[in-house]
Amino acid sequence: MKVSFTILAVLAAALAVNASNPHDGRALISRHTRISHRAPTLVNRSVKRKRCKARPTPVNNGAAVDTTTTTSKPKPTSVKPTASPKPQPPAPQSFDNGGVLNVKSSCGNIGAIKQTTRTSGPNGNIDWLNCGVTSGGWNPPFIKVSDIKSVSLSGAINSGKGPFLACTKYVHLFEKYAGQYGLPPIMLAAFAMQESSCNPNTVGGGGEQGLMQITKEKCGGAPGGNCRDPDFNIRTGARYFADTLNNNGGNLLLSIGSYNGWFEGLTYGKATAAAKSACCKCQNNLDYLHQFLNGWLQNIDAYSQSFRLGKFFNLDVCN
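Heads up: the sequence shown runs through residues -19 to -1, 1 to 300, numbered per mature numbering (1 follows the signal peptide of the UniProt record, and there is no 0).
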């Protein structure tokens, strides 16, 4: 009985030890079971890591995105670049349209008055404009383009009356090239009225051509050799006058006179020398400056027989 009790005691102790061991068979099986269930997942995860594709670029919802990891090039835009707009030509300058000329005079009293008369007007008296012609020689007082008084070409046309209605067809050209060369449009139109009465087919006694009566040596490059083409003619006349004005240091009187062949030192005798020649109209018109500045620029017909502007009328002998 003693031995049996001992054996039973040993067996009971052994069973107690096995029951208290955390690494019992069921726990071991359970752990291996969990591992066996996880193993395919681990293998799959390993495979997926090897085969993983590049992650899509995250959408920027307002947060900063690290662009250093971006290797893709931007897609070309389908919108074609638009050409830069062409620069517009400069707008015609604004000139004083009221009052009378007021500049420092080198030739006595200017004699400017608001209303044009036969011998005076807003831009001075004819004797002041012709300073020296009847004595030692023409000594033109210095005035700038911005000093003169004139009406606007558009105003003259829109008035529905006056000499510039004859130029209506060419107003856009006068405005275009006046703007290009920094001149009042009415000044270019005034040259056309003075020189050709705005008739593009006019040919002068010395072969001068078209609206602006440009001389033959300036006809190079005329379209089809037609020096009277209005666009070419006005552009050439405008460029010539602008260059003349620049070369004369901005002296407007000297430059306007030059357009009619005047020069510093011109005398009455020199101006009228051609009167008895075969080219009577090659004389310098001694009323030119007054007719231009106090006639045409004021929308007044300087050639009106009922209100003739001037006092010399030296070209009358040519009729």
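Every residue gets a Cβ at the ideal spot worked out from N, C-alpha and C, and that includes glycine.
Going by C-alpha to C-alpha distance, which of the options sits closest to residue i?
i      : options                        : result
Glu156 : Pro166, Leu247, Phe123, Gly136 : Pro166
Leu226 : Cys260, Gly89, Trp109, Ser127  : Ser127
Leu82  : Asn180, Leu234, Ala159, Trp243 : Leu234
Asp108 : Phe293, Ala171, Val298         : Phe293
Arg209 : Asn180, Arg99, Phe222, Leu164  : Asn180
Gln175 : Gln286, Leu270, Ser287, Phe288 : Leu270
Gly185 : Lys85, Ser239, Gln264          : Gln264
Asn90  : Leu134, Asn111, Ala254, Gly231 : Asn111
Asn241 : Asn106, Gly105, Ile124, Ala171 : Ala171
DSSP on residue i, reduced to helix/strand/coil?
i           : result
Ile195      : strand
Gln279      : helix
Gln286      : coil
Val114      : coil
Val184      : strand
Gln161      : helix
Gln272      : helix
residue 328 : A question about residue 328 goes unanswered here, because the residues of the chain that appear run from -19 up to 300.
Gln264      : coil
Asn41       : Residue placement at Asn41 is flagged as unreliable, the pLDDT there being 42, under the threshold of 50; the coordinate-derived value follows with that caveat. If DSSP states are grouped into helix, strand and coil, Asn41 belongs with coil.
Can the beta-carbon of residue i be found less than 8 Å from the beta-carbon of residue j?
i      : j      : result
Leu290 : Asn266 : no
Ile237 : Gly218 : no
Leu192 : Ala173 : yes
Cys299 : Gly187 : no
Tyr284 : Ala223 : no
Ser101 : Asn214 : no
Asn232 : Phe123 : yes
Gly105 : Gly117 : no
In its own chain, which residues sit with a C-beta less than 7 Å from the C-beta of residue i, not counting the 5 before and 5 after it?
i      : result
Gly206 : none
Identify, in the order they occur along the chain, each residue of the same chain with its Cβ nearer than 8 Å to the Cβ of residue i, setting aside the five sequence neighbours on each side.
i      : result
Gly80  : Lys95, Pro103, Lys130
Val132 : Asn78, Ile167, Leu278, Gln279, Asn280
Using a Cβ-based criterion (distance less than 7 Å to any ligand heavy atom), does residue i qualify as near the ligand ZN?
i      : result
Ile107 : As for the ligand ZN, it is missing from this structure, which has no ligand bound.
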